[in-house]
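Position 111 (the sequence shown) corresponds to 114 in the working numbering; numbering is contiguous.
What follows is one structure encoded as C-alpha cells, with my remarks underneath.
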Amino acid sequence: MIEFQKFSFRYEESSEFTLKNIDVTVQDGEFILLTGRSGCGKTTLIRSLNGLIPHFYPGEIKGNLLLNGKSVLDMQPAQLAGKVGTVFQDPRSQFFMTDTTRELAFGSENMGYPREETISRIAKSTKDLELEEFLNRSIFTLSSGEKQQIAIGSVYALAPKVYIFDEPSANLDYEATKRLARIMKMLKQQGFTIFVVEHRFYYLRELFDRIFLIEDGCIKERFTRKEFCELQEERRVNYGLRTVFPEKDAESYRAKKREVKEQHILRVDNLKFAYKKGEEVLNNISFETHTGEVIGILGHNGAGKTTLLSILTGLLKETGGEIQYDGKKLSPRKRRALSYLVMQDTDYQLFGSSVEEELSLGIEMDCTEKIKETLEALELLEYKTRHPASLSGGQKQRVTIGASLVKDSPVIYFDEPTSGLDYDSMIRVSRLIKRLADSGVIIFVVSHDFEFIVRTCTEVLQLDQSEYIQNQELTPAMLKELSKKYFS
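As C-alpha cells, this is what we get:
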C-alpha cells in the first residue's frame with residue numbers, strides 16, 4: 004500500500020511548491036493513470052515515489068510518503084531499487100550496457116545477487132516478457148519499442164512490487180503500443196501496483212482502475228475507469244485531456260481542402276534506396292503533392308519513414324528514381340536548400356545563443372524585421388534574448404518552425420511533432436501547421452498520433468516493409484479504414 008500523507012515538495016531552486024498537499028492512498032495491485040497538462044507536477048510526483056526526490060532532486064518536503072507503512076523518504080535508493088521500478092520515456096536514459104543480455108543482468112549484478120540468481124532472474128524475465136529474440140543483440144540496433152521492452156525486462160528482473168511508466172508510448176508506433184499494453188496487462192494480472200504518466204492513454208482504457216488528474220501540483224479530480232471514459236467532451240477539453248477513443252474521431256471527420264493562390268508541385272517518381280551492403284529500404288515510392296497540403300506519413304517503426312524524410316530533405320541520396328519540384332529535377336543539394344526539417348528532438352538543431360540569433364543563422368541579408376514578425380506570430384517575442392536551451396519543449400519546437408519561416412522554406416517536414424505533448428500543445432502544433440499550409444507551404448508529418456493526424460492532415464502516405472500505399476486523400480472512409488487497422 005502506498006500513502007501520500009499531505010505530501011508537498013518544493014525544489015531547492017524554486018520559491019513555489021511543485022506538489023501541494025497530496026493526500027491519497029493506493030492499494031496493492033491498483034493501476035493508476037496520472038494525467039494533466041504539462042508542468043502540472045506529474046513527474047515530480049513519480050520522482051517522489053521512486054526515490055529521486057530527495058536523493059537526486061533536493062528540496063523542501065512537507066508531510067510524508069509511505070510504502071507498506073515505511074517512509075520512502077527514509078529509504079536509500081538501493082533499498083528502493085528492489086521495491087519500485089521505473090521505465091522512463093526514453094529507455095536510452097536508463098541503459099548502462101551496450102548489449103541486451105548484459106543490460107538485463109545489470110540491475111541484479113548491481114544489487115550484488117549471486118551469479119546463479121542473476122541468471123535465474125534473466126531467464127524468468129526473458130520467458131515472461133517474451134524477450135528471447137532480443138537476447139545477445141546490440142542495444143543500438145533495436146527499435147524504440149524493442150528498447151523499451153528491454154528496459155521493462157531489466158526492471159522486471161529486480162522483481163519490484165511497484166512499476167512506474169513515464170510517458171511510455173511517446174515514441175512508439177501502433178504495434179509497439181499494443182505490445183506495451185499486453186505487457187502492462189500481464190503485470191496487472193500478476194498483482195503489481197502500476198503508475199502510468201501519460202497524455203495519450205487510449206491503449207490503457209481497459210487497464211486503469213483509477214485516474215488522478217493533476218493540476219497546479221494538486222489532485223484536481225479522481226475518476227473511476229467508467230467515469231473517465233464517459234467524460235463529456237467539453238469537460239475533457241477544459242481539463243486539457245486527450246481523448247480515450249481516438250478512433251471515434253473518424254466518425255466526425257470532415258475533409259480539409261486548402262485553397263492557395265500560387266500552386267507548386269512536388270513529385271516523387273519510383274524512388275528507391277538501399278544502404279551499402281544492406282537490404283532495400285524503399286522501393287517504387289511514387290507520389291505527388293501540392294502547395295497547401297499536409298501529408299501524414301504513416302507506418303510502423305522500421306518501415307522507412309525516417310529514411311524517406313532524409314532523402315526528401317537531401318540528407319541522403321536515393322539509389323534510384325527522382326524528385327522534382329515544379330517539373331525540375333532536384334539534386335540532394337537543391338533539396339536541402341528547398342526544405343526544412345523540424346526534428347522530434349529539437350535540441351539537435353538549436354545552435355544559437357539566443358532565440359533571435361537562432362532565426363538568423365545561415366541568412367546573409369538583413370532579416371531583422373522578418374524575424375520580429377515571425378516571433379510575434381509564434382508568440383515568442385518575449386523570449387527573443389533567451390537561450391534556446393532554457394525554453395520548454397513546445398517553445399523550442401516553435402523556434403525551429405520560426406527558422407523555417409524566416410528562411411522561406413517552401414517544403415517543411417515534421418518528425419513526430421506531438422511526441423509527449425499534452426492536449427493543449429497538440430492543438431497548438433496542429434493549428435500552426437495548418438496556418439503554414441494556408442500560407443502556401445507543402446508540409447509532411449511523420450506521426451503515430453492518430454488524434455493529431457485526424458485534426459491536421461489532408462492526405463496520408465502509408466509505408467510498410469511489405470507494401471507501399473500511394474498517398475491518398477484523407478476521406479472519412481479512408482480514416483475509418485485506418486482506425487480499424489490501428490485500433491482493432
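Glycine included, each C-beta is placed from N, C-alpha and C at the ideal position.
- Taking C-beta atoms as the reference points, F34 and D252 fail to come closer than 9 Å.
- Here D418 is near L344, since their CB atoms are less than 9 Å apart.
- Residue G39 holds the alpha-carbon nearest to the alpha-carbon of R245 among V29, P479, L485, G39.
- Judged by DSSP secondary structure, N287 falls outside any alpha helix (DSSP H) and instead within the beta strand (DSSP E) spanning 283-293.
- Apart from sequence neighbours up to five positions away, the residues of its chain that approach T316 with a beta-carbon distance below 7 Å are R338, R339, S342, L344, Y416, ordered along the chain.
- Taking a C-beta distance under 9 Å as the contact criterion, K387 and V358 qualify as a contact pair.
- For a cut-off of 8 Å, the C-beta gap from L383 to R401 is around 6 Å, short enough to register as a contact.
- For F168, the enclosing beta strand (DSSP E) stretches over residues 165-169.
- Between the beta-carbon of L207 and that of A184 there is about 7 Å, and that keeps the pair under the 8 Å contact cut.
- Taken through DSSP and simplified to helix, strand or coil, D26 comes out as strand.
- Here the segment 41-48 makes contact with the segment 9-23; the two share three or more CB pairs at distances below 8 Å.
- About 12 Å separates the beta carbon of I155 from that of T103, a gap too long to meet the 8 Å contact definition.
- For C460, the closest of K188, C370, T292, L318 by C-alpha to C-alpha distance is T292.
- If the five residues before and after T28 are omitted, its C-beta is found closer than 6 Å to the C-beta atoms of E6, all from its own chain and listed in chain order.
- In the DSSP secondary-structure assignment, L344 is bridged to Y416.
- One Cα belongs to Y489, the other to E16, and the distance between them is close to 44 Å.
- Linking S433 to R182 through their CA atoms gives a straight-line distance of about 28 Å.
- For I445, the uninterrupted beta strand (DSSP E) run begins and ends at 445-449, by DSSP.
- Around the beta carbon of I268, fewer than 16 other beta carbons lie within 10 angstroms, which makes this residue exposed.
- In terms of Cβ geometry, V87 and P163 form a close pair [threshold 9 Å].
- Selection F98, I49, I298 evaluated against V75 yields I49 as nearest (Cα-Cα).
- Taking 4 residues as the shortest admissible run, the segment 195-263 contains the following complete alpha helix (DSSP H) segments, listed from N- to C-terminal end: 228-232, 236-241.
- Residue nearest to Q82 within the set F109, Y60, M114 is M114 (criterion: CA-CA distance).
- Under the 8 Å Cβ criterion, the segment 439-456 counts as touching the segment 297-304, having at least three qualifying pairs.
- In this structure, E282 keeps its C-beta atom at 9 Å or more from the C-beta atom of K275.
- Look at Q475 here: in three-state DSSP terms it is strand.
- One Cα belongs to Q235, the other to D131, and the distance between them is close to 39 Å.
- For R270, the enclosing beta strand (DSSP E) stretches over residues 268-277.
- Distances from the alpha-carbon of K65 to those of S18, G72, Q8, T101 put Q8 closest.
- An exposed status is given to S334, since fewer than 16 other beta-carbon atoms sit within 10 Å of its beta-carbon.
- Distance from the CA of D169 to the CA of Q266, rounded to the nearest whole angstrom, comes to 44 Å.
- Unbroken alpha helix (DSSP H) runs of no fewer than 4 residues, entirely contained in the segment 307-331, are found at 308-315, following chain order.
- Short of 8 Å from the beta carbon of I56, and not among the five residues preceding or following it, lie these beta carbons of its own chain, in chain order: F12, T47, R50, G62, I64.
- With distances taken between CA atoms, E19 lies nearest to G220 out of G220, Q347, I404, Q475.
- Beyond the five residues adjoining it in sequence on each side, L68 comes within less than 8 Å, by CB distance, of I5, E6, F7, Q8, F10, S51, L52, S74, V75, L76 in the same chain, given in chain order.
- Note that the C-beta distance between V165 and G110 is not below 9 Å.
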